[in-house]
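Read top to bottom, the protein sequences are chains A and B.
Position in the first sequence (from 1) plus 20 gives the number in my numbering.
Position in the second sequence (from 1) plus 117 gives the number in my numbering.
Every residue, glycine too, gets a C-beta built ideally from N, C-alpha and C.
Note that the structure is a prediction, hence the values are computed from the model and not measured.
Below is one structure; the comments refer to it alone.
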Amino acid sequence: MDSIQSDSNEPSDLSLVQRAQSGESRAFDLLVVRYQKRLYSVIFQIIRHHQDTEDVLYQTLIKAHDNLSGFKGDSGFHTWLYRIAVNRSLNFIRLRKSHREMSIHANEEGDFDIIDEGVVNEVELQENRSELQNKLNVSLSKLSEDHRTVVNLFDIQGLSHAEIAKILGCSDGTVRSRLHYAHKQLKNYLFDVKKGDRS
Amino acid sequence: MSMENMDKVQKALVDLRNEVPSDAYFSGVLSEFHSRQRSQQLVSKSFSFRLTEAFKDLWFFNPARLVQAGAFSIVVLFFTLNGLNQSWNSNSTSLVNWYRGEAVQLSSSLFPETYLTSNGVNSLGESSLARPVELAALSLAEISSERTQYVMNTTPAAYDSVVAF
Numbered sequence: 021m022d023s024i025q026s027d028s029n030e031p032s033d034l035s036l037v038q039r040a041q042s043g044e045s046r047a048f049d050l051l052v053v054r055y056q057k058r059l060y061s062v063i064f065q066i067i068r069h070h071q072d073t074e075d076v077l078y079q080t081l082i083k084a085h086d087n088l089s090g091f092k093g094d095s096g097f098h099t100w101l102y103r104i105a106v107n108r109s110l111n112f113i114r115l116r117k118s119h120r121e122m123s124i125h126a127n128e129e130g131d132f133d134i135i136d137e138g139v140v141n142e143v144e145l146q147e148n149r150s151e152l153q154n155k156l157n158v159s160l161s162k163l164s165e166d167h168r169t170v171v172n173l174f175d176i177q178g179l180s181h182a183e184i185a186k187i188l189g190c191s192d193g194t195v196r197s198r199l200h201y202a203h204k205q206l207k208n209y210l211f212d213v214k215k216g217d218r219s
Numbered sequence: 118m119s120m121e122n123m124d125k126v127q128k129a130l131v132d133l134r135n136e137v138p139s140d141a142y143f144s145g146v147l148s149e150f151h152s153r154q155r156s157q158q159l160v161s162k163s164f165s166f167r168l169t170e171a172f173k174d175l176w177f178f179n180p181a182r183l184v185q186a187g188a189f190s191i192v193v194l195f196f197t198l199n200g201l202n203q204s205w206n207s208n209s210t211s212l213v214n215w216y217r218g219e220a221v222q223l224s225s226s227l228f229p230e231t232y233l234t235s236n237g238v239n240s241l242g243e244s245s246l247a248r249p250v251e252l253a254a255l256s257l258a259e260i261s262s263e264r265t266q267y268v269m270n271t272t273p274a275a276y277d278s279v280v281a282f
């Protein structure tokens, strides 16, 4: 898949990238408009927090714009863009995790309180979701970062194994293996959630 | 879990793709992107501006002075390296001499002009069990002369003079 296009009359990703590389800023704007929703979704499914997703989205777009000259067209533009988004998101949650650990440590010493905005945000979101989606989100949150990312890119975003392998910088087999494990775990968690509901 | 349930799960997973804000939110993304891009450029520009301002008043910020300082540094560096090179060459010569002295010692003491085989018979077929001792005595003189030359030809072994006592 070289580019994602909703209309055949629209210019392809590659032509827009080439125009943007030659200095036409309007061409990059068209790419931003084309991918903003999908990027937001990819980032949000990793970060699970709207304000942080917004920040990472803009960081991704700025980084993509700054490094556009480095895009050689070896892979699709959306693969390249998703790779930046996924890397930024994973870095962000790792930083957030370490920051939280530091906060918890500081709290134990009585320095300051923890305000876990992510959890608050998640609770607000769950009010508007179906029951199954809520259970699914709980189950997804139990998966490791790597497995959740693979499920996000394959099941939610609908990318192929090869595209995911390029985005994550691993082999096709690794993607399949992670996906298999993640699906198995997801089934177990969902089944456990359902058992918990019955009892 | 039945296949029907799994289909529902798959569908619910696909629906998660739509967990995005409304279209009204995305209509403002482009302008926000431009404004963040500009502010980032301003931050990087202001950093370089502050850096320039900080160094502006320093004497070496003047390009002419910078060239002079550079030329002076090159000259100093050249002489320093040249001196080091000469020093290194003399040291390496001493090392070669030392190594040669050792080689002469070894060759004269262990391998005389007619070398011994394991049964005490030299390569010419003569029994020469006493010869190594003679040759060793001879080579000791050679060794001492070689070592004396080495010490005398290079730096003195000690700076103490008779006057010191």
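Exercise for the section: List the residues of chain A whose Cβ lies closer than 7 angstroms to the Cβ of L183/B, in chain order. Expected result: Position 66 of the second sequence holds residue 183/B. Contact note: L183/B does not reach chain A at a C-beta cutoff of 7 angstroms; the least C-beta distance is about 31 angstroms.
Exercise for the section: Run the CB neighbour count on K186/A, radius 10 Å, all protein chains shown included, and call it buried at 16 or more, exposed below. Expected result: As a first step, residue 186/A is located in the first sequence; it is residue number 166 there, counting from the start. Buried, by the Cβ-count rule.
Handout entry: Which of helix, strand or coil DSSP assigns to P180/B
Key = The residue you call residue 180/B lines up with position 63 of the second sequence. In the structure shown, P180/B sits in a helix (DSSP, three-state: H, G or I).
Handout entry: Burial state of I191/B (16 or more Cβ within 10 Å)
Key = As a working note, residue 191/B is residue 74 in the second sequence. Result: exposed.
Problem - Contact check, R120/A vs H167/A, beta carbons under 9 angstroms - result: In the first sequence, the residue the question calls residue 120/A occupies position 100. In the first sequence, the residue the question calls residue 167/A occupies position 147. Not a contact, by the Cβ cut-off of 9 angstroms.
Handout entry: Own chain partners of G93/A with C-beta closer than 7 angstroms, once the 5 adjacent residues on each side are dropped
Key = As a working mapping, residue 93/A is identified with position 73 in the first sequence. Excluding sequence neighbours, G93/A sits near L34.
Practice task
From the DSSP output, in three-state form, read off K92/A for me.
Solution key: Here residue 92/A is taken as the residue at index 72 of the first sequence, counted from 1. Three-state DSSP puts K92/A in coil, outside helix and strand.
Handout entry: Partners in chain A for V160/B, counting only beta-carbon separations shorter than 9 angstroms
Key = Your numbering for residue 160/B matches position 43 in the second sequence. None at all; the shortest Cβ gap to chain A is about 12 angstroms.
Exercise for the section: Measure the Cβ-Cβ separation of L188/A and V195/A and say whether it is below 9 angstroms. Expected result: By one-based count along the first sequence, residue 188/A stands at place 168. By one-based count along the first sequence, residue 195/A stands at place 175. In this structure, V195/A lies closer than 9 angstroms to L188/A by Cβ.
Problem - Contact under 9 angstroms by Cβ, F112/A with V37/A - result: To locate residue 112/A, count along the first sequence from 1; it is residue 92. To locate residue 37/A, count along the first sequence from 1; it is residue 17. For F112/A and V37/A, no; Cβs fall outside 9 angstroms.
Practice task
Leaving out five residues on either side along the sequence, give the residues of the same chain with a beta carbon under 6 angstroms from the beta carbon of I66/A.
Solution key: For the purposes of this step, residue 66/A is taken as the residue at position 46 of the first sequence. Scanning its chain for C-beta atoms nearer than 6 angstroms, with the 5 sequence neighbours on each side dropped, one finds around I66/A the residues S109, in chain order.
Practice task
Tell me whether N87/A sits in a helix, a strand or coil according to DSSP, three-state version.
Solution key: Position 67 of the first sequence, counting from 1, holds the residue named residue 87/A. Correct three-state label for N87/A: coil.
Problem - Neighbour-count burial assignment, K117/A, 16 or more Cβ in a 10 Å radius - result: In the first sequence, counting from the first residue as 1, residue 117/A sits at position 97. Exposed, by the Cβ-count rule.
Exercise for the section: Go ahead and pull the three-state DSSP assignment for Q157/B. Expected result: As a first step, residue 157/B is located in the second sequence; it is residue number 40 there, counting from the start. Correct three-state label for Q157/B: helix.
Exercise for the section: Please confirm whether L147/B and V106/A have their CB atoms less than 9 angstroms apart. Expected result: On the second sequence, residue 147/B is found 30 positions in, with the first residue counted as 1. On the first sequence, residue 106/A is found 86 positions in, with the first residue counted as 1. Cβ atoms of L147/B and V106/A: not closer than 9 angstroms.
Handout entry: Residue range of the alpha helix (DSSP H) that includes Q153/A
Key = Position 133 of the first sequence, counted from the start, is the residue given in the question as residue 153/A. Here the alpha helix (DSSP H) through Q153/A covers 151 to 162.
Practice task
Could you work out which residues of chain A lie near D132/B, taking near to mean beta carbons separated by less than 7 angstroms?
Solution key: Here the question's residue 132/B lines up with position 15 in the second sequence. Ordered by position in chain A, the residues that pass the 7 angstroms Cβ test against D132/B are Q153.
Practice task
Kindly list the residues whose CB is nearer than 7 angstroms to the CB of Y55/A, restricted to its own chain and excluding five residues on each side of it in sequence; keep chain order.
Solution key: As a position in the first sequence, residue 55/A is number 35, starting the count at 1. H98, L101, listed in sequence order.
Practice task
Using 10 angstroms around the beta-carbon of N172/A, count the other beta-carbons present and answer buried if the total reaches 16, otherwise exposed.
Solution key: To locate residue 172/A, count along the first sequence from 1; it is residue 152. Result: buried.
Exercise for the section: Give me the Cα-Cα distance between S95/A and F195/B, rounded to the nearest whole angstrom. Expected result: Position 75 of the first sequence holds residue 95/A. Position 78 of the second sequence holds residue 195/B. Computed Cα separation, rounded: 51 angstroms.
Handout entry: Where S152/B falls: helix, strand or coil (DSSP)
Key = Here residue 152/B refers to the residue found at position 35 when the second sequence is read from its first residue. Of the three classes helix, strand and coil, the one that applies to S152/B here is helix, per DSSP.
Exercise for the section: Return the Cβ separation of L2/A and L59/A in integer angstroms, given the expectation that the two are a contact with Cβ distance under 8 angstroms. Expected result: This structure leaves residue 2/A out entirely; chain A is present only between 21 and 219.
Problem - N- and C-terminal bounds of the alpha helix (DSSP H) containing L188/A - result: Taking the first residue of the first sequence as position 1, residue 188/A is located at position 168. Looking at the DSSP string, the run of the alpha helix (DSSP H) that includes L188/A is 181 to 188.
Exercise for the section: Tell me, please, whether the CB atom of A141/B is closer than 9 angstroms to any CB atom in chain A? Expected result: Stepping through the second sequence from its first residue, residue 141/B is reached at position 24. Output row for A141/B: interface = no.
Exercise for the section: Compute the distance between the beta-carbons of Q154/B and H203/A, then report whether it is under 9 angstroms. Expected result: Within the second sequence, numbered from 1, the residue matching residue 154/B stands at position 37. Within the first sequence, numbered from 1, the residue matching residue 203/A stands at position 183. Their beta carbons are not under 9 angstroms apart, which means Q154/B does not touch H203/A by this criterion.
Handout entry: Start-to-end residues for the alpha helix (DSSP H) that takes in L51/A
Key = On the first sequence, residue 51/A is found 31 positions in, with the first residue counted as 1. Note, L51/A: alpha helix (DSSP H), 45 to 67.
Exercise for the section: Could you work out which residue in S45/A, Q41/A, Q71/A, N29/A is closest to P138/B when comparing CA atoms only? Expected result: Residue mapping note: residue 138/B aligns to position 21 of the second sequence, counting from 1. Comparing Cα positions, the closest option is Q71/A.
Problem - Simplified DSSP assignment, three categories, for Q177/A - result: Here the question's residue 177/A lines up with position 157 in the first sequence. Coil.
Handout entry: Integer Cβ distance of K155/A from L210/A, believed to fall under 8 angstroms
Key = Taking the first sequence and counting its residues from 1, the one referred to as residue 155/A is at position 135. Taking the first sequence and counting its residues from 1, the one referred to as residue 210/A is at position 190. Indeed, because the Cβ distance is near 6 angstroms, the residues count as touching under 8 angstroms.
Handout entry: Coarse secondary structure for V137/B, derived from DSSP in three states
Key = As a first step, residue 137/B must be located in the second sequence, where it is residue number 20. Of the three classes helix, strand and coil, the one that applies to V137/B here is coil, per DSSP.
Exercise for the section: Look up E74/A in the DSSP assignment and say whether it is helix, strand or coil. Expected result: Here residue 74/A is taken as the residue at index 54 of the first sequence, counted from 1. In this structure, E74/A counts as helix in the three-state DSSP scheme.
Exercise for the section: Give the straight-line distance between the Cα atoms of A40/A and N202/B, rounded to the nearest whole angstrom. Expected result: Residue mapping note: residue 40/A aligns to position 20 of the first sequence, counting from 1. Residue mapping note: residue 202/B aligns to position 85 of the second sequence, counting from 1. Going from the Cα of A40/A to the Cα of N202/B covers about 55 angstroms.
Handout entry: Opening and closing residue of the alpha helix (DSSP H) in which S35/A lies
Key = Locating residue 35/A in the first sequence gives position 15, where the first residue counts as 1. Unbroken alpha helix (DSSP H) run through S35/A: 33 to 41.
Exercise for the section: Show which residues of chain B have a CB atom less than 8 angstroms away from the CB atom of F64/A. Expected result: One-based indexing of the first sequence puts residue 64/A at position 44. The answer, in chain order, is E136, V137.
Exercise for the section: Go through its chain and collect everything with a Cβ distance to Q79/A's Cβ below 8 angstroms, but skip five positions before and after it. Expected result: Here residue 79/A is taken as the residue at index 59 of the first sequence, counted from 1. So the qualifying residues of the chain are R108.
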